[in-house]
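Numbering follows numbering that gives the first Met the number 0, in which position 175 of the sequence shown is assigned residue number 174; successive positions increment by one, without gaps. Every residue, glycine too, gets a C-beta built ideally from N, C-alpha and C.
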Amino acid sequence: MKKNYFVFVVMLLCTAFAFSQGTITGKILDGDLGGPLPGASVVVKGTTNGMAADFDGNFTITAPSNSGVLVVSYIGYITKEVSFSAVGNVGNITLMPDAEALEEVVIVASVAVDRKTPVAVSTIKAADIELKLGTQEFPEVLKSTPGVYATKSGGGFGDGRINLRGFDSENVAVMINGVPVNDMENGKVYWSNWAGLSDVTSSMQVQRGLGASKVAVPSIGGTINILSKTTDVEKG
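Shown next as structure tokens:
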């Protein structure tokens, strides 16, 4: 008799536990555009039970009880808490974009300021370029710059090369108005692609050593940033 009673109690507890948890489903949508938010995070508040929405914004999560709160979040959107009092489908959950997280970002091609920017930098103005260039290749203008070795290696147009603090062009970032021009495969710079660059250059900055370049990957030896003239610039 006691054995049967014990079995009955165990079965009752198992049944109660099974009914105390259930599956919650729903769909997460963009509050502005109405489209799904794939990868949105859904977590049962107070637990470590969570999952990510699928490509269509649908989710299925197991809740430890028939009532609770779902915490729904997505990068760039305001986190939302949704209460549920029964297992099943909670319907569509809309998340609104977070205006503070979506502030505009302005990217500019900046230059180092002498005695203010904490890097070893040399600036060559347009007048110096015009004075030194002559019949030389454009990179040879930098021959008198500290830490720079420039030469016309092949003899033909565009065969010039630059070494900065002993590093070849594969490890020197060359940029025009802050945009890298190194070859994507080997990091070299083909100066023959930039014929006439000396005519439109307002200044050049040579930064020796790693540090100031944010967008150029091979800037181990340093960075050469070439700034072009504006369209309305006048000589004089």
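For residue i: DSSP bridge partner residues
i, result
"residue 80", "70"
"residue 62", "21"
"residue 121", "205"
"residue 148", "162"
"residue 228", "DSSP output for residue 228 lists no bridge partner at all."
"residue 87", "23"
"residue 40", "51 and 72"
"residue 223", "173 and 205"
"residue 57", "26"
"residue 96", "76"
Straight-line Cα distance separating residue j from residue i
i, j, result
"residue 106", "residue 175", "With a pLDDT of 49 at residue 106, under the threshold of 50, the predicted position of this residue should be treated as unreliable, and no value is reported."
"residue 42", "residue 52", "11 Å"
"residue 65", "residue 182", "60 Å"
"residue 170", "residue 131", "25 Å"
"residue 225", "residue 161", "14 Å"
"residue 75", "residue 39", "11 Å"
"residue 137", "residue 193", "9 Å"
"residue 191", "residue 200", "16 Å"
"residue 91", "residue 46", "22 Å"
"residue 49", "residue 68", "12 Å"
"residue 94", "residue 72", "8 Å"
"residue 188", "residue 128", "19 Å"
"residue 159", "residue 178", "20 Å"
CA nearest to the CA of residue i, picked from the options
i, options, result
"residue 222", "194, 184, 189 and 173", "173"
"residue 27", "161, 56 and 199", "56"
"residue 185", "194, 167, 163 and 195", "167"
"residue 196", "180, 96 and 206", "180"
"residue 78", "30, 89, 88 and 143", "30"
"residue 63", "95, 81, 88 and 22", "22"
"residue 145", "127, 71 and 206", "206"
"residue 126", "119, 25, 164 and 203", "203"
"residue 165", "177, 158, 178 and 149", "149"
"residue 236", "87, 139, 70 and 88", "Coverage of the chain is limited to positions 0 through 235, which leaves residue 236 absent and any answer about it impossible."
"residue 36", "83, 147, 96 and 189", "96"
"residue 209", "58, 59, 118 and 24", "118"
"residue 219", "229, 228 and 163", "163"
Local conformation of residue i per DSSP, three classes
i, result
"residue 32", "coil"
"residue 218", "coil"
"residue 187", "coil"
"residue 52", "coil"
"residue 199", "helix"
"residue 181", "coil"
"residue 176", "coil"
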